[in-house]
Amino acid sequence: MTRPLPAPPLMQTGAHSAAQASSSRKTLIACSLGNALEMYDFTIYSFFAVLIGRHFFPSESAMASLLMSLATFGVGFLMRPVGAMVIGRYADRRGRKAALSLTIGLMTLGTALIAFAPTYSQIGIFAMVLLVVGRLIQGMSAGGEVGTASVFLMESSAVGKRCQNVSWQAASQGYAALLGAGFGFALSQLLDPAALESWGWRIPFIFGLLIGPVGWYIRTRLPETHEAAAAHKAEPALDAEVLKRIAQGIGLMASSTIGMYLFVFYMPTYLTTALHYPPGSAMAIACISSGCMAIICPLAGKFADRYQLRKRLLAWTVATPVVLTLPVFYLLGQVQHMGLAMMCVAVLILPTCIGAGAFFALMMEGFPKAQRSFGTSVSYSLGVTIFGGFSPLVATWLIAALGTPLAPAYFLLAGGVLSLACLKYFPENTGCE
């Protein structure tokens, strides 16, 4: 029997390149879907915080109901460090693929609890319990999701494409927030207020459940990364240097996290309650923030790869909001105009979008591969918990306590200064394994 002739070198190279491209796309989709589901669920919760507060935390004071709803939004973040430590350690020991399948399953379960939970008027205090449990499960999943998915993307990428590929984590958050904002805007236009308050707010959560099974199916069919296969052969050891790097990573998170949670998630509530914008207009402005993340993050990541930028790019992207935050918030408070509000939000979210890919690459390259998933997950989750999860609550409280709509700017300003200080001492290990 005649054996087939080997393919010419060019054909082999072409077939190999096509297979690599297909595998890369599959990896991007698998990692981005889970992250998108997390951000989508968190986005729509924040957008419908007022209605959720009325259903699950009834009170004579509208502000008290809103604060309880926002506190529940923040409660989910308390589980992020737990999820980061448990799932991040699991990913370093058993592989990134197994951890990613676990996180998307947990996120789907938490979303289902929120989507179908009876209200306080139906089952009393148990409605609050179901809502909080759903947020806790989501929080644990999110704690292991972003760090592990980012590490998987990085380890699956060539050194010259790390920033671009990892930036899809941030871009997927933008697409998810855009979808959530679009849902909120569309429902506010298509449904009357009574229908929206009664059952309409559940529709986006139910839609989010469709993402989970698709993401889980794709993730279970991904190949494990070579770094993960090598890393979990040895027992991951935590030493003083890793703990120091985690502390620096938490500080690095301050500026971008506060900015993102204020301008993407909290902005609709801020514009409607503090500046008295119409609800539909506030949703449209939030879409600007989400759109910037979705479009600019991958483009900026490609630029960062081309010039091998990490710390130099991040120094600029962190310093810019520090300089601009007070003037921008002042303008928002003085002039109520849709065009100006859109421009102000875009100006403040743009630096974070530009630095997203370089930020994730810098953080992951700062950890040895045996502790990479754990270190990245814990740094990210503690940073988001401290500076992001309670940002809406802190901003709302600061406005009430200080009596000025400028109050959120002070919070963002402090975060920017902290991030700049941590960036100075964080190592830049471009090209590490």
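Going letter by letter, the sequence shown gives residues 1050 to 1482 in the numbering used here. We treat Cβ as the ideally placed atom computed from N, Cα and C, and that holds for glycine. Everything numeric in this text was worked out from a predicted model, so none of it was measured.
query, result
"Quick one: what's got a C-beta closer than 7 Å to residue 1078's C-beta in the same chain, skipping five residues either side?", "1267"
"For residue 1202, which residues from the same chain have a beta carbon less than 6 Å from its beta carbon, with the 5 sequence-adjacent residues on both sides left out?", "1080, 1214 and 1215"
"Tell me the residue span of the alpha helix (DSSP H) that contains residue 1321.", "1316-1322"
"For the alpha helix (DSSP H) holding residue 1104, just list the boundary residues, first then last.", "1098-1105"
"Alpha carbon to alpha carbon, what distance is there between residue 1292 and residue 1462?", "26 Å"
"What residues in its chain sit with their C-beta under 6 Å from that of residue 1400, if we drop five residues either side in the sequence?", "1366, 1369 and 1370"
"With a CB to CB cut of under 8 Å and the five nearest residues on each side skipped, what residues in its chain are close to residue 1118?", "1098, 1099, 1101, 1102, 1105 and 1106"
"So, under 8 Å CB-CB, residue 1454 and residue 1448 are touching, yes? Tell me the CB distance rounded to an integer number of Å.", "6 Å"
"Identify the continuous alpha helix (DSSP H) that holds residue 1210 and give its terminal residues.", "Element bounds for residue 1210: n/a, residue is neither H nor E."
"Do you know how far the Cα of residue 1168 is from the Cα of residue 1396?", "39 Å"
"Can you tell me whether residue 1232 is buried or exposed? The criterion is at least 16 other CB atoms within 10 Å of its CB, across all chains shown.", "buried"
"What is the C-beta distance between residue 1406 and residue 1346, in whole angstroms, given that I count them as a contact (C-beta under 8 Å)?", "6 Å"
"Quick one: using the 10 Å Cβ neighbour count with 16 as the cut-off for buried, is residue 1259 buried or exposed?", "exposed"
"Are the CB atoms of residue 1153 and residue 1228 nearer to each other than 8 Å?", "no"
"With distance defined between alpha-carbon atoms, name the residue in 1091, 1460, 1171 and 1199 nearest to residue 1184.", "1091"
"So, does the CB of residue 1403 fall closer than 8 Å to a CB anywhere in chain B?", "No chain B appears in this structure, which consists of one protein chain only."
"Measure the alpha-carbon distance for residue 1303 versus residue 1310 and round it to whole angstroms.", "11 Å"
"Distance check for residue 1414 and residue 1288, CA to CA, integer angstroms please.", "17 Å"
"Among residues of its own chain, excluding the 5 on either side of residue 1263, which ones have a beta-carbon nearer than 7 Å to its beta-carbon?", "1082"
"Would residue 1355 be called buried (16 or more neighbouring beta carbons within 10 Å of its own) or exposed?", "exposed"
"Do the CB positions of residue 1353 and residue 1212 come within less than 8 Å of each other?", "yes"
"For residue 1476, which residues in the same chain have their Cβ closer than 6 Å to its Cβ, ignoring the five residues on either side in sequence?", "1415"
"The alpha helix (DSSP H) that contains residue 1378, what's its start and end?", "1360-1383"
"Between 1424, 1301 and 1437, which has its C-alpha nearest residue 1137's C-alpha?", "1424"
"So residue 1460 packs on residue 1394, CB below 8 Å; how close in whole Å?", "The Cβ separation is near 16 Å, so there is no contact."
"Examine the ligand FAD and report whether any of its heavy atoms sits within less than 7 Å of the Cβ of residue 1361.", "With respect to small molecules bound, the structure shown includes none, and the ligand FAD cannot be examined in it."
"Pull up the distance between the alpha-carbon of residue 1374 and that of residue 1339, whole angstroms please.", "19 Å"
"Are the beta-carbon atoms belonging to residue 1196 and residue 1133 less than 8 Å from one another?", "yes"
"Quick one: grab the DSSP three-state call for residue 1059.", "Confidence in residue 1059 is poor, its pLDDT being 43 and thus under 50, which makes the residue's placement unreliable; the coordinate value appears in the next sentence. Here residue 1059 sits in helix by DSSP."
"Counting only the same chain and skipping the five closest in sequence on each side, list residues whose C-beta sits under 8 Å from that of residue 1050.", "Note that residue 1050 scores a pLDDT of 43, beneath 50, so its modelled location is shaky; the value from the coordinates is reported in the next line. Closer than 8 Å at Cβ, skipping near neighbours: no residue."
"Measuring alpha carbon to alpha carbon, tell me which of 1443, 1324, 1429 and 1434 ends up nearest residue 1386.", "1324"
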